[in-house]
Amino acid sequence: MNEAGIKLVDFTADYVADLVDELLDKKWNRREGGFIDVGVALDVPMAPQEPVEATCSCGSGIAVRRVMVGGQPVTLLALPLIFEQFYQAGRRPVQEVARELLEAVSIYNPIPPEVGNTYAEALLREFMVYCAEVEPAR
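Counting with the working numbering, you get residues 3 to 140 for the letters of the sequence shown.
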């Protein structure tokens with residue numbers, strides 16, 4: 003590759019990096035290899051935001067639900083829809099359903115294998131809560 007080709011590659015890389023920064027709504031520091039924290043740079047604390055739904059490029063929303071997993075709050079994509087699907091299929095919060103819930107949730111959320119059992123327990127507990135909310139009071 004000649005010098006003009008190298009310059010073109012560098013220009014294209016800069017352009018693509020700027021597009022990625024724009025899409026992520028974050029700036030990347032190439033020298034330090036990490037995101038530039040605007041709150042630190044401006045000495046302004048960033049307020050935490052709690053998503054109600056995640057969105058994709060098509061504009062549709064994906065419902066989320068926050069659950070406690072191992073004492074830590076975790077936001078899980080599609081969990082309300084998964085619970086609804088299980089409930090409509092006649093599944094109820096019994097131990098055998100925990101693994102099935104984990105498998106379904108892991109399609110949309112990265113779950114490290116070493117904490118799979120902890121997630122399965124949390125999902126079963128949350129599914130119990132969900133079922134209690136949707137079942138008519140007796």
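Backbone N, C-alpha and C fix where the C-beta goes; we use that ideal spot for every residue, glycine too.
According to DSSP, is V76 part of a helix, a strand, or is it coil?
Note: V76 maps to strand in three-state DSSP.
Just reading off the alpha helix (DSSP H) that V136 is part of, what are its end residues?
Element bounds for V136: G118 to V136.
Write down the C-beta distance between L104 and A122 rounded to the nearest angstrom, noting that I regard them as a contact closer than 8 Å.
With a Cβ gap of about 4 Å, L104 and A122 count as contacting.
So F85 and F129 are supposed to be a Cβ contact under 8 Å. How far apart are they, rounded?
With 8 Å as the limit, F85 and F129 qualify as a contact, their Cβ atoms being about 6 Å apart.
Please report the distance separating the alpha-carbon of T120 from that of E102.
Distance between the alpha carbons of T120 and E102: 14 Å.
Go ahead and label A124 buried or exposed: buried means 16 or more other beta carbons lie within 10 angstroms of its beta carbon, across all protein chains shown.
Classification of A124: buried, given that the 10 Å Cβ count is 16 or more.
Roughly how far, in whole angstroms, is the beta-carbon of V69 from the beta-carbon of L83, given that I think they are within contact range, below 8 Å?
14 Å between Cβ atoms; not a contact.
Which of the three DSSP states is assigned to A15 in this structure?
A15: helix per DSSP, three-state reduction.
Distance, Cα to Cα, Y89 vs C133?
Answer to the nearest angstrom: the Cα atoms are 7 Å apart.
Compute the Euclidean distance between the alpha carbons of G92 and E98, then round it to the nearest angstrom.
Approximately 13 Å, taken between the alpha carbons.
Could you pull out every residue in the same chain whose Cβ sits closer than 6 Å to the Cβ of Q51, ignoring the five residues on either side in sequence?
Interpretation of Q51 is limited by its pLDDT of 45, a score under 50 that renders its predicted location unreliable; no figure is taken from the coordinates.
Would L126 pass as a contact of P75 if the rule is Cβ separation under 8 Å?
No, Cβ-Cβ distance for L126 and P75 is not below 8 Å.
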